[in-house]
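Participant: Could you have a look at this structure, given as structure tokens, before my questions?
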Amino acid sequence: MSSKPILFSGMAPSADSLQIGNYIGALLQWKEMQQANDAIFCVVDLHAITVPQDPAGLPDHTRRTAAQYIAAGIDPTMSILFVQSHVSAHTELAWILNTITGFGEASRMTQFKDKAAKQGTEAASLGLFAYPTLMAADILLYDTNVVPVGDDQKQHIELTRDLANRFNSRFGETFVIPEAIIMKETARIYDLQNPESKMSKTSASDSGVVWMMDEPSKTAKKIRSAVTDDDREIRFDRGAKPGVSNLLTILSAFTGTSVELLEQRFAGRGYGDLKGEVADAVVSTFEPIRSRALELLDDPSELDRILAVNAERAEAIAQPMLAKVYDRVGLLPRVRR
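Quick note: the numbering used here has the sequence shown finishing at residue 407, numbered continuously throughout.
So this is what it looks like as structure tokens:
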């Protein structure tokens, strides 16, 4: 058995394409992390349906998300890459965890409160409310040691740790207590047209979002049209110069050059120069990823085969853990005939 730490993470298939924030904040770092960890990556389609989805489009979104994982460098032979709903143990363990989760602590989850406030409490589903316990099940099924997340998910990892400790205390040592790895600050990428708001797959306007699957010319045009300011100085200042700071953050992430060095390099130069370099850096990175993803999507049966093989690998870990949990809580085993 490998002595590497076990890592688990995932993203929801809620659009035709992932966006630049997903790449910088997750995929770019996952690609590195899979070298040092036994990595398990999931397309979390069950999380996606906690808010309304088009049933006709969800299978395509799921395939496209998986294809982008692979095209961006997630190796499905080195790591386990599967679709959440293909391993039923996730929902089965989530129910067990629901039974030891207090209504009050679930109500305190800020993501639920934020989303419920946007939708209206009456429109928010029980699934959305229970999202954190499903996330806890995702993590705890695999003896996960480390979970790379953004700041906005830190509270969910804290709940996962609380539930693991509570279960272990009541029913005996069962779960590994996972640690959160908070992703690098470069993960916080802002909308190109509204640099006060984080770039999101659910942004009101497409013009401020850079999609990984966009045509290269469209990507370059969006970046060259990014909002800056009336000043001409290229420096990082999130408060006074959010648009310029956002472009510097993107360029730093794509080139590996620190923001400080970029500030020095662009001293005395104009915003057009900065936008041009950002556009070139993003396009040169995304163009081969896009091409590889489209190649994978051109052969959906092979992509489905890869996901099925990996679901079997995940299931081989998840089912014994679920059986242990069922035994610990006293559920009567089914006799196989």
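Glycine is no exception: its CB is placed at the ideal position from the N, C-alpha and C atoms.
In the stretch 171–252, which residue ranges form an unbroken alpha helix (DSSP H) of at least 4 residues, counting only runs that do not cross its ends?
Facilitator: 173–177, 180–189, 196–199, 201–210 and 224–241
Participant: Buried or exposed, going by whether 16 or more other CB atoms sit within 10 Å of the CB of P248?
Facilitator: buried
Participant: According to DSSP, is L151 helix, strand or coil?
Facilitator: strand
Participant: For the alpha helix (DSSP H) containing A141, list its first residue and its last residue.
Facilitator: In the DSSP annotation of this structure, the continuous segment of the alpha helix (DSSP H) that includes A141 starts and ends at L128 to A141.
Participant: Look at the alpha carbon of R258 and the alpha carbon of V329, and state the distance between them as a whole number of angstroms.
Facilitator: About 14 Å.
Participant: Using only the alpha-carbon positions, how far apart do A378 and K311 sit?
Facilitator: 47 Å
Participant: Among I293, R178 and P286, which has the Cα closest to the Cα of V353?
Facilitator: P286
Participant: In the DSSP output, which residue or residues are listed as bridge partners for G80?
Facilitator: C112
Participant: Mind pulling the beta strand (DSSP E) runs of 3 or more residues that sit fully within the stretch 261–336?
Facilitator: none
Participant: Considering P146, what are the terminal residues of the alpha helix (DSSP H) in which it resides?
Facilitator: It is not in any alpha helix (DSSP H) - P146 carries neither H nor E in the DSSP assignment.
Participant: Tell me whether Q123 sits in a helix, a strand or coil according to DSSP, three-state version.
Facilitator: coil
Participant: L158 to G400, Cα distance in whole Å?
Facilitator: The residue you asked about is not Leu; residue 158 is Ser in the sequence shown. Looking at the two C-alpha atoms, the distance is approximately 20 Å.
Participant: Rounded to the nearest angstrom, what separates M71 and D222 at their Cα positions?
Facilitator: Any reading at M71 must be qualified, since the residue scores a pLDDT of 48, below 50, and its modelled position is unreliable; no value is offered.
Participant: Please confirm if the stretch 286–306 is in contact with the stretch 342–349, defined as three or more CB-CB distances below 8 Å between the two stretches.
Facilitator: yes
Participant: Give the straight-line distance between the Cα atoms of I76 and D301, rounded to the nearest whole angstrom.
Facilitator: 48 Å
Participant: Grab the span of the alpha helix (DSSP H) containing Q99 for me, first residue to last.
Facilitator: L98 to A106
Participant: According to DSSP, Q89 sits in a beta bridge with which residue or residues?
Facilitator: W281
Participant: Closest by CA to I359, which one among S87, A141, H160 and F78?
Facilitator: I359 has its Cα closest to that of A141, out of S87, A141, H160 and F78.
Participant: Residues in the same chain with beta-carbon distance under 6 Å from G91, minus the five sequence neighbours each way, listed in chain order, please.
Facilitator: I259 and M269
Participant: Does DSSP put D369 in a helix, in a strand, or in coil?
Facilitator: Shown here, D369 sits in coil according to DSSP, grouped into three states, outside any helix or strand.
Participant: Quick one: is V113 buried, meaning 16 or more other Cβ sit within 10 Å of its Cβ, or exposed?
Facilitator: buried
Participant: Counting Cβ pairs, one atom from each stretch, are 3 or more of them under 8 Å apart for the stretch 202–218 and the stretch 226–245?
Facilitator: yes
Participant: Got a sec? Which residues, its chain only, sit under 6 Å from I209 by beta carbon, not counting five neighbours each side?
Facilitator: F78, V217, T230 and P248
Participant: With DSSP run on the structure shown, which of helix, strand or coil describes K394?
Facilitator: helix
Participant: Applying the 10 Å Cβ sphere with the 16-neighbour rule, what's the burial state of S295?
Facilitator: By the 10 Å Cβ count, S295 comes out exposed.
Participant: The alpha helix (DSSP H) that contains T161, what's its start and end?
Facilitator: A159 to N168
Participant: Does the distance from the CB of L318 to the CB of F306 come in under 8 Å?
Facilitator: yes
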